[in-house]
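Enquirer: Here it is, the structure in full.
Chains as they are written, first to last, in full-length UniProt numbering: chain A, 1 to 260; chain B, 1 to 260; chain C, 1 to 260; chain D, 1 to 260.
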């Protein structure tokens, strides 16, 4: 596995397990600083938070943009956490890259090859999500756009695919973990929040992905999910996340990894 | 959760985890007795083995029929294990019921409502697999055919669904575990062998299902998978299974269950 | 293509197009005789009507059973139409075979291999539906169970498959028409009613399937769909069907077939 | 339905059927001019040809870029055909817009909301393809990004979705035609080439889509498909297309449309 150096203190290696948590969207200073402090106390070192949001409907909340990036930076300053946020286009890429420690490419842009080529020119770690309509081989194809462009600091994320089952928002394809480990040299993370769609399914999916051998998790946690401006149903509260964190820790002992 | 009494010694309750293992098909006395002894030593108490086989192509091995049932009974006699085997039709139901401790209804018969009604008239525990083209709600509908007919000794099995992903034979829908636990009162088992399709993916899927909160596993184990008459690629060897068994044990400690 | 002789007057050959219509379920004498007369006048020669119904939920209407078969026979007697009805199990197979001119195997029994073997021993034409979770190759496998058992009077039916799209009940896979024509020697019919799920989508799907080269249609028509005991939303009224019939006729002129 | 004015001579209205044809990729002057002349003679007025190609693998031919746009312009000059080509990113949007009469947004960018917003600021007609992993409602969501941005000259395209069936490259969802007609005011075109994946399935899918009520087709035609640099298997030869054109014409008479 390729080691992914995130900052001076964090490096994702074979024997490590990267825990990323934070709200779906950055909404306010109070929200992001509050949840960052809480997560840091639990042991989380990477804070997620969307500021440019790819929403299915144009009427939906589209994110705070640069204002959100600044709030994320403030959270980093205060807590020392690394921050990850999504980039949606080349136009905002320099801005996002300036603020973020990890650049996220979302599910809907997983085959946005122009964006992948542009991101490949930067030196920051990239978290590349599988498109919900994409095969594992297509995800690998997308990772090659980054690698051939010069950036091999890639973390792949399984986040659920489209199937006929409607009890959950997407169907988490846990088998992507062993298949990707076999076919690529990149760490594989699980996003249990989007396939769950409902917060009470996040824990079992997170545990499943971890037990399948994942190298990390990216989980949506919100100080007050009911009032979230996006993905309200699937975000965990801080206490829910804390409980999950302990269980994940025990599973990583079996898969021989230490949470970072 | 409804407690499922399998025989005088085995009862699947909330705090137990049922391990079922054995070959895809019963092939010979040597094969089934050999693997039964090995599995019993590891701690497995329920032996699986198909004798009536639902094969996609009529030219494929269709199972030993009653001869296979007799061999399963001999394995039970010698090892004390309970036996489970699949019934494909009402015609052979009395025969299967006579021999089996648990009656299995396979994925392709999950909506064979006539068979479900017939099985519901017996008193034996039933292991009902989800059809690979069925929603969770349809599986629950099928379980109601059993329950309304009089048999509530039902164990439900998630065994992978059809999706666009072709790296694995089917896509294991681990979220079926929490969803079924929420919507029904029956134990939920995971079959990691059929979604894996390839033996090296069986372990991660088994671990994922267990960590998601499953109440048991049903796994294909063959003394010599390469020479198996069906599902050669996905069956584990006995040493592979032994290694998996230990990891499953550790996960069940986290989910607070004891393997039976 | 194998010619399918249905009765002394009807034979489905390469240059013919078989129109089958009738209610989802036989509900009463008035209902089935009324709709049969109307359909016969329009030019339909094969009447469909379910008397043993495979319903997802056991509480749903399960069909009139033998009573329904008798009503179908009365409709045949009066109108001269051939009748087709579904068989769900070996137990009722002799009864169904006694009454029906064409034996239907439904989507949920498409891989009920025991039933296929039993039906293969009879000499009546068989209409075999694709399972909604089955690939085209699996449908062909199922047809081999019939052919190897001795019955090659097979008509294959594409009736929609399970996909992530929820605007329609199933997704009609029109490409199954050319693929099956290439890979088998059997006529291929389209069932536009089940994939549509809603009556106003039945016409476009019927026209699409016909234009794709299908050898026939099987359509649900009810004298009063709103009061139907099953599939109320997707059944056409007689006037709606009449309008569709004319359009289908014009398309079959392009595909060089004559409606029978 | 909203009327779409393409140029001074072409306007897609309710009673018209738009035929778009041309190679997957613009490869050379000889290729594109040759096929344009042939298509124009048959009656085609809009020429397609990719110059920026979204390829799954970075090693695949990525298109001729601006050079290809110039060749398309030369073909327009000579034949008078309108030209349509795909835009992959905001960077090349001004260039593409300068040359193209219709801007195409491909399946992989169907939820590239930044690109949609950028395209919405131009006044050219847009052909928006459904993402192969997207629901019909998501396609409608994407169209709203264009409309709210100021551009309602939208043509929607059904081009096949991801399903478990592997006999064809994608599964054409013909029901998208009536569903989109019901839910939006935009014309709906069918791309039969990508779902077919193999050229001999293109005709039945094109006919199916037309019979389902589509307002047009976009078909890949290449002077010598075997030597095509992309999508070699699914492109029609000119004689194959000519034969198809005549059949489509007869179907549009039934759906009351005139090919433009």
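Using N, Cα and C, we set each Cβ at its ideal position, and we do this for glycine too.
Nothing here was measured: the structure is a model prediction, and the numbers come from that model.
(1) Any C-beta of chain C sitting closer than 8 Å to the C-beta of residue 241(D)?
(2) Mind checking whether residue 46(C) and residue 81(C) have CB atoms under 8 Å apart?
(3) Between the Cα of residue 203(D) and the Cα atoms of 160(C), 211(C), 197(C), 5(C), which residue gives the shortest distance?
(4) Among 226(C), 198(C), 177(C), 116(C), which has the Cα closest to the Cα of residue 106(C)?
(5) Quick one: does residue 162(A) have its CB under 8 Å from some CB of chain C?
(6) Would you kindly report the start and end of the unbroken beta strand (DSSP E) that includes residue 19(C)?
(7) Report the CB separation of residue 155(B) from residue 127(B) in whole angstroms; it is logged as a contact under 8 Å.
(8) Measure the beta-carbon distance from residue 65(B) to residue 51(B) and round it to whole angstroms, keeping in mind my assumption that it falls under 8 Å.
(9) Which class does residue 217(C) belong to by DSSP, given the choice of helix, strand or coil?
(10) If we define contact as Cβ-Cβ less than 8 Å, is residue 90(A) a contact residue for chain D?
(11) Would you kindly check if the distance between the Cβ of residue 151(B) and the Cβ of residue 122(B) is under 8 Å?
(12) Beta carbons nearer than 9 Å to chain C: which residues of the region 45-57 of chain A have them?
(13) Distance check for residue 161(A) and residue 140(A), CA to CA, integer angstroms please.
(14) With residue 171(D) and residue 184(D) assumed to form a contact (beta carbons below 8 Å), what rounded beta-carbon distance in angstroms separates them?
(15) Is residue 86(C) helix, strand or coil by DSSP?
(16) Opposite residue 5(C) in the DSSP bridges: which residues?
(17) Should residue 70(D) and residue 102(D) be called a contact, given that it needs their Cβ atoms to be closer than 8 Å?
(18) Is there at least one non-hydrogen atom of the ligand MN closer than 7 Å to the beta-carbon of residue 31(C)?
(19) With a threshold of 16 other CB atoms inside 10 Å of the CB of residue 239(C), please say whether the residue is buried or exposed.
(20) Is residue 168(B) buried or exposed, if buried means 16 or more other CB atoms sit within 10 Å of its CB?
(21) Report yes or no: is there a C-beta of chain D within less than 8 Å of the C-beta of residue 205(C)?
(22) Closest to residue 76(D) by C-alpha separation, out of 62(D), 54(D), 39(D), would be which residue?
(23) Determine, using beta carbons only, whether residue 130(C) comes closer than 8 Å to chain D.
(24) From the DSSP output, in three-state form, read off residue 101(C) for me.
(25) Within the 8 Å Cβ cut-off, does residue 231(A) reach chain F?
(26) List the residues of chain B that residue 113(C) touches, going by C-beta distances under 8 Å, in chain order.
(27) What span of residues does the beta strand (DSSP E) with residue 117(B) cover, start to end?
(28) What span of residues does the beta strand (DSSP E) with residue 129(D) cover, start to end?
(29) So, for residue 31(C): in the same chain, excluding its five sequence neighbours on each side, which residues have a beta-carbon less than 7 Å away from its beta-carbon?
(30) Does the Cβ-Cβ distance between residue 15(A) and residue 258(A) come in under 8 Å?
(31) Ordered along the chain, which non-local residues of its own chain (more than five positions away) have a Cβ less than 6 Å from that of residue 219(C)?
(32) Which of helix, strand or coil does DSSP assign to residue 136(C)?
(33) Output yes if chain C places a C-beta closer than 8 Å to the C-beta of residue 255(A); else output no.
(34) Taking a contact to mean a Cβ-Cβ separation below 8 Å, would you say residue 201(A) touches residue 178(B) in this structure?
(35) Buried or exposed: residue 256(C), going by 16 or more other Cβ atoms within 10 Å of its Cβ?
Expert: Answer, in terms of the structure:
(1) Indexing the fourth chain from 1 puts residue 241(D) at position 241. Look at residue 241(D): its C-beta is not under 8 Å from any C-beta on chain C.
(2) The residue given as residue 46(C) occupies position 46 in the third chain. The residue given as residue 81(C) occupies position 81 in the third chain. Going by C-beta atoms, residue 46(C) is nearer than 8 Å to residue 81(C).
(3) Walking along the fourth chain from the start, residue 203(D) turns up at place 203. The alpha carbon of residue 203(D) has as its nearest neighbour, out of 160(C), 211(C), 197(C), 5(C), the alpha carbon of 211(C).
(4) What you label residue 106(C) is simply residue 106 of the third chain in a count that begins at 1. Of the residues 226(C), 198(C), 177(C), 116(C), the one whose Cα lies closest to the Cα of residue 106(C) is 116(C).
(5) Sequence index remark: in the first chain, residue 162(A) carries index 162 (1-based). Output row for residue 162(A): interface = yes.
(6) Reading the third chain from its first residue, position 19 is the one you call residue 19(C). First-last of the beta strand (DSSP E) with residue 19(C): 16-22.
(7) In the second chain, residue 155(B) corresponds to position 155, counting from 1. In the second chain, residue 127(B) corresponds to position 127, counting from 1. Contact flag correct, Cβ pair sits at about 5 Å.
(8) Here residue 65(B) corresponds to residue number 65 of the second chain, with the count starting at 1. Here residue 51(B) corresponds to residue number 51 of the second chain, with the count starting at 1. Confirmed, about 6 Å.
(9) Counting from one through the third chain, the residue named residue 217(C) turns up at place 217. Looking at residue 217(C) - three-state DSSP - the assignment turns out to be strand.
(10) Walking along the first chain from the start, residue 90(A) turns up at place 90. By this cut-off, residue 90(A) is an interface position.
(11) Against the second chain, residue 122(B) aligns to sequence position 122. Against the second chain, residue 151(B) aligns to sequence position 151. The Cβ-Cβ distance between residue 122(B) and residue 151(B) falls below 8 Å.
(12) Sequence-ordered contacts of the region 45-57 of chain A with chain C are nonexistent [C-beta pairs closer than 9 Å].
(13) Here residue 140(A) corresponds to residue number 140 of the first chain, with the count starting at 1. Here residue 161(A) corresponds to residue number 161 of the first chain, with the count starting at 1. Looking at the two C-alpha atoms, the distance is approximately 15 Å.
(14) Against the fourth chain, residue 171(D) aligns to sequence position 171. Against the fourth chain, residue 184(D) aligns to sequence position 184. The beta carbons of residue 171(D) and residue 184(D) sit about 22 Å from each other, so the pair does not count as a contact at 8 Å.
(15) If you number the third chain from 1, residue 86(C) lands on position 86. Reduced to three states, the DSSP call for residue 86(C) is strand.
(16) Your numbering for residue 5(C) matches position 5 in the third chain. DSSP lists 11(C) as partners of residue 5(C).
(17) Position 70 of the fourth chain holds residue 70(D). Position 102 of the fourth chain holds residue 102(D). No, they are not a contact pair.
(18) Among the components of this structure there are no ligands whatsoever, and the ligand MN is therefore not found.
(19) Taking the first residue of the third chain as 1, we reach residue 239(C) at position 239. Classification for residue 239(C): exposed.
(20) Against the second chain, residue 168(B) aligns to sequence position 168. Per the 10 Å Cβ criterion, buried.
(21) The residue given as residue 205(C) occupies position 205 in the third chain. Closer than 8 Å to some Cβ of chain D, the Cβ of residue 205(C) qualifies, so yes.
(22) Residue 76(D) sits at position 76 when you count from the first residue of the fourth chain. Check the Cα spacing between residue 76(D) and each of 62(D), 54(D), 39(D): the tightest is with 39(D).
(23) For the purposes of this step, residue 130(C) is identified with residue 130 of the third chain, where counting begins at 1. Not closer than 8 Å to any Cβ of chain D, the Cβ of residue 130(C) fails to qualify, so no.
(24) Along the third chain, one-based indexing puts residue 101(C) at 101. It is coil, neither helix nor strand.
(25) The structure shown contains no chain F; its protein chains are A, B, C and D.
(26) Residue mapping note: residue 113(C) aligns to position 113 of the third chain, counting from 1. Within chain B, the residues near residue 113(C) are 54, 55, 58, 88, 108.
(27) Here residue 117(B) refers to the residue found at position 117 when the second chain is read from its first residue. Looking at the DSSP string, residue 117(B) is not in any beta strand (DSSP E); the run it does join, the alpha helix (DSSP H), is 113-119.
(28) The residue labelled residue 129(D) in the question sits at position 129 within the fourth chain. Annotation: the continuous beta strand (DSSP E) that includes residue 129(D) extends over 126-129.
(29) Working through the third chain from its first residue, we reach residue 31(C) at position 31. Counting only Cβ-Cβ distances below 7 Å, and skipping sequence neighbours, we find 23, 223.
(30) The residue given as residue 15(A) occupies position 15 in the first chain. The residue given as residue 258(A) occupies position 258 in the first chain. With respect to the 8 Å criterion, residue 15(A) and residue 258(A) are classified as neighbours on the basis of their beta carbons.
(31) Against the third chain, residue 219(C) aligns to sequence position 219. Result list for residue 219(C): 21, 193, in chain order.
(32) The count along the third chain starts at 1 and reaches residue 136(C) at position 136. The DSSP-derived three-state label of residue 136(C) is helix.
(33) Mapped onto the first chain, residue 255(A) falls at position 255. Not closer than 8 Å to any Cβ of chain C, the Cβ of residue 255(A) fails to qualify, so no.
(34) Sequence index remark: in the first chain, residue 201(A) carries index 201 (1-based). Sequence index remark: in the second chain, residue 178(B) carries index 178 (1-based). Taking the C-beta atoms as reference points, residue 178(B) is found nearer than 8 Å to residue 201(A).
(35) Mapped onto the third chain, residue 256(C) falls at position 256. When all chains shown are included, residue 256(C) counts as exposed.
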